[in-house]
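Worksheet: the structure to be examined is printed underneath.
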Amino acid sequence: MMKVTKEQLHEDLRPFYLKANAIKPVFQYKWLTKSLNAVLNRVLKGAGIKGLKSDEISIPSSVGAHQIRTRIYRPLESEGELPVVVYFHGGGYFAGIPEQFHVYIEGFIKTKPCIVVAPDYRKSYTAPYPAGFNDCYDTLLWVKNNAQKLGASHHGIITAGHSAGGGLTAAVTLKARDTGDVPIAFQMPFYPMIDDQQPADASRYIKAPVWDSHTNKAGWGAYLSELHKTNQAIPAYAVPAKNSDYSGFPPTITLVGTLDPFYQETCRYVEALKNAGVDVAFETYEGAFHAFEVIAAQTNISQQVFDYTFSQFAKFYDRYAIREL
1 MMKVTKEQLH
11 EDLRPFYLKA
21 NAIKPVFQYK
31 WLTKSLNAVL
41 NRVLKGAGIK
51 GLKSDEISIP
61 SSVGAHQIRT
71 RIYRPLESEG
81 ELPVVVYFHG
91 GGYFAGIPEQ
101 FHVYIEGFIK
111 TKPCIVVAPD
121 YRKSYTAPYP
131 AGFNDCYDTL
141 LWVKNNAQKL
151 GASHHGIITA
161 GHSAGGGLTA
171 AVTLKARDTG
181 DVPIAFQMPF
191 YPMIDDQQPA
201 DASRYIKAPV
211 WDSHTNKAGW
221 GAYLSELHKT
231 NQAIPAYAVP
241 AKNSDYSGFP
251 PTITLVGTLD
261 PFYQETCRYV
271 EALKNAGVDV
281 AFETYEGAFH
291 AFEVIAAQTN
301 ISQQVFDYTF
311 SQFAKFYDRY
321 AIREL
């Protein structure tokens with residue numbers, strides 16, 4: 001087991017060591033995670049972004065009567081069809097809402113004119129896989145089928161997300177590749193949660209701030225609980241690292257910290273994409289724990305993450321999202 005000490009962190013992140021470790025118990029106990037979700041919904045649900053148009057719709061689920069609460073953000077003024085970023089928020093598959101990630105949603109729109117569609121997919125303590133995955137894929141199909149009403153381009157659909165949202169990005173993009181339902185211009189699975197074997201792999205076991213192997217075990221256990229209960233095989237749409245064919249994947253932007261439990265799986269994912277001839281932009285951050293740029297947003301290393309994210313987004317937007325507009 002690797003236990004991360006304060007001295008191992010990047011110097012910008014050392015002052016946040018205690019704060020970052022104090023976050024972990026929220027994800028280690030079911031009742032605390034559910035309480036966090038209740039607080040987020042009470043405090044942030046429905047919040048807008050100053051200088052942008054923010055709307056909320058309900059997208060019908062393709063399975064059952066569930067309605068997917070979905071946020072739509074766009075510039076106040078725009079001309080012509082815009083690319084769409086379908087954004088999946090993070091939270092270990094069992095926590096979070098789209099409004100937590102306004103810094104990224106705002107950043108994408110202000111970097112390049114686009115529409116961001118962000119579903120508040122079902123969380124695994126309430127409805128385990130495939131509920132959240134289905135909600136995300138249904139949102140992607142809704143964007144394609146309602147492009148004209150959205151003022152969006154059929155050819156400029158981008159998938160993106162952080163952490164578990166990065167895992168959902170990889171899973172949704174995989175299914176879109178397999179089915180041919182939606183052409184994905186490019187994907188952005190940032191430090192994605194894609195391998196359920198990490199917690200049990202002694203060579204990757206890590207005790208680190210914010211999210212580590214222990215919290216990762218809780219997250220995967222909740223998300224895959226129904227499959228485990230019924231002894232079903234785990235599909236790649238649930239655990240994208242199980243995919244073995246990366247041909248036909250769209251261009252990809254990603255990043256990860258070297259002290260993130262997802263570090264090795266992200267590196268393997270990038271290697272597989274590159275071996276399949278996919279255009280990949282990839283950056284690692286030495287001595288950085290999971291979601292460090294959110295916890296320590298004003299530090300130099302975190303500003304490097306934001307600069308990298310939005311500059312690469314701009315490059316891929318010009319290269320892949322508007323080529324057929």
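Position 10 (the sequence shown) corresponds to 10 in the numbering used here; numbering is contiguous.
We put the CB at the ideal spot given by N, CA and C, even for glycine.
Computed from a predicted model, the values in this text were never measured in an experiment.
Taking a contact to mean a Cβ-Cβ separation below 8 Å, would you say residue i touches residue j in this structure?
{"i": "alanine 171", "j": "glycine 219", "result": "no"}
{"i": "isoleucine 105", "j": "alanine 152", "result": "no"}
{"i": "glutamate 400", "j": "threonine 258", "result": "The structure shown does not extend to residue 400, since the chain is modelled only from 1 through 325, so no value can be given for it."}
{"i": "phenylalanine 27", "j": "tryptophan 142", "result": "no"}
{"i": "lysine 207", "j": "methionine 1", "result": "yes"}
{"i": "leucine 52", "j": "leucine 36", "result": "no"}
{"i": "phenylalanine 292", "j": "leucine 18", "result": "no"}
{"i": "asparagine 134", "j": "serine 62", "result": "yes"}
{"i": "valine 85", "j": "phenylalanine 108", "result": "yes"}
{"i": "tyrosine 317", "j": "leucine 255", "result": "no"}
{"i": "proline 235", "j": "serine 213", "result": "no"}
{"i": "methionine 188", "j": "isoleucine 253", "result": "yes"}
{"i": "lysine 175", "j": "tyrosine 137", "result": "yes"}
{"i": "alanine 314", "j": "lysine 112", "result": "yes"}
{"i": "leucine 9", "j": "tyrosine 129", "result": "no"}
{"i": "tyrosine 191", "j": "aspartate 260", "result": "yes"}
{"i": "leucine 150", "j": "valine 182", "result": "no"}
{"i": "isoleucine 295", "j": "alanine 38", "result": "no"}
Excluding five sequence neighbours on each side, which residues of the same chain lie with their C-beta closer than 7 Å to the C-beta of residue i?
{"i": "isoleucine 322", "result": "Pro83, Gly156"}
{"i": "threonine 33", "result": "Val26, Phe27, Phe94, Ala95, Tyr125"}
{"i": "glutamate 81", "result": "Gly151, Ala152, Ser153, Leu325"}
If we count the other Cβ atoms within 10 Å of its Cβ and call it buried at 16 or more, is residue i buried or exposed?
{"i": "glutamate 79", "result": "exposed"}
{"i": "arginine 268", "result": "exposed"}
{"i": "glutamate 99", "result": "buried"}
{"i": "glutamine 298", "result": "exposed"}
{"i": "tyrosine 29", "result": "exposed"}
{"i": "glycine 360", "result": "Absent from the structure is residue 360, since the part of the chain shown begins at 1 and ends at 325."}
{"i": "lysine 229", "result": "exposed"}
{"i": "valine 103", "result": "exposed"}
{"i": "asparagine 275", "result": "exposed"}
{"i": "serine 302", "result": "buried"}
{"i": "arginine 319", "result": "exposed"}
{"i": "alanine 131", "result": "buried"}
{"i": "asparagine 146", "result": "exposed"}
{"i": "proline 15", "result": "exposed"}
{"i": "proline 209", "result": "buried"}
{"i": "threonine 5", "result": "exposed"}
{"i": "arginine 42", "result": "exposed"}
{"i": "alanine 22", "result": "exposed"}
{"i": "alanine 160", "result": "buried"}
{"i": "proline 240", "result": "buried"}
In this structure, how does DSSP classify residue i when only helix, strand and coil are distinguished?
{"i": "leucine 273", "result": "helix"}
{"i": "proline 25", "result": "helix"}
{"i": "serine 247", "result": "coil"}
{"i": "isoleucine 109", "result": "helix"}
{"i": "phenylalanine 306", "result": "helix"}
{"i": "isoleucine 68", "result": "strand"}
{"i": "proline 15", "result": "helix"}
{"i": "proline 98", "result": "helix"}
{"i": "serine 311", "result": "helix"}
{"i": "histidine 214", "result": "helix"}
{"i": "alanine 152", "result": "strand"}
{"i": "valine 172", "result": "helix"}
{"i": "serine 35", "result": "helix"}
{"i": "leucine 224", "result": "coil"}
{"i": "proline 240", "result": "helix"}
{"i": "valine 182", "result": "coil"}
{"i": "isoleucine 129", "result": "As written in the sequence, residue 129 is tyrosine, which differs from the isoleucine given in the question. Note: tyrosine 129 maps to coil in three-state DSSP."}
{"i": "leucine 325", "result": "A caution first: leucine 325 carries a pLDDT of 41, below 50, which makes its placement in the model unreliable, though a value can still be read off. It is coil, neither helix nor strand."}
Can you tell me whether residue i sits near the ligand FMN, meaning its C-beta is under 7 Å from at least one heavy atom of the ligand?
{"i": "alanine 127", "result": "The model depicted lacks the ligand FMN and carries no ligand whatsoever."}
Since residue i sits in a beta bridge, which residues does DSSP pair it with?
{"i": "glutamate 81", "result": "Partner(s): none; glutamate 81 has no beta bridge."}
{"i": "leucine 52", "result": "Pro75"}
{"i": "glutamine 187", "result": "Thr159, Thr252"}
{"i": "isoleucine 206", "result": "Met2"}
{"i": "glycine 92", "result": "Paired residue(s): none; glycine 92 is not in a bridge."}
{"i": "threonine 284", "result": "Val256"}
{"i": "valine 116", "result": "Tyr73, Val85"}
{"i": "proline 60", "result": "Gln67"}
Beta-carbon within less than 6 Å of residue i's beta-carbon, same chain only, minus the 5 sequence neighbours each way: which residues are those?
{"i": "glutamate 337", "result": "Any question about residue 337 goes unanswered here, given that the chain covers just 1 to 325."}
{"i": "leucine 40", "result": "Ile97"}
{"i": "phenylalanine 101", "result": "His89"}
{"i": "aspartate 120", "result": "Arg69, Ile97, Pro98"}
{"i": "valine 280", "result": "Thr252, Val270, Leu273, Lys274"}
{"i": "serine 54", "result": "Gly48, Tyr73"}
{"i": "proline 250", "result": "Ile184, Phe186, Gln187"}
{"i": "leucine 168", "result": "Phe88, Cys136, Gly161"}
Indicate whether at least one CB of chain C lies closer than 8 Å to the CB of residue i.
{"i": "alanine 176", "result": "The chain inventory of the structure shown lacks chain C, comprising one protein chain alone."}
If you drop the 5 nearest sequence neighbours on each side, which residues of the same chain put their C-beta closer than 8 Å to that of residue i?
{"i": "glycine 46", "result": "Glu56, Glu99"}
{"i": "alanine 202", "result": "Met1"}
{"i": "glutamine 304", "result": "Tyr285"}
{"i": "valine 215", "result": "Before going on, a small fix: residue 215 reads as threonine here, not valine. Lys24, Phe27, Gln28, Gly92."}
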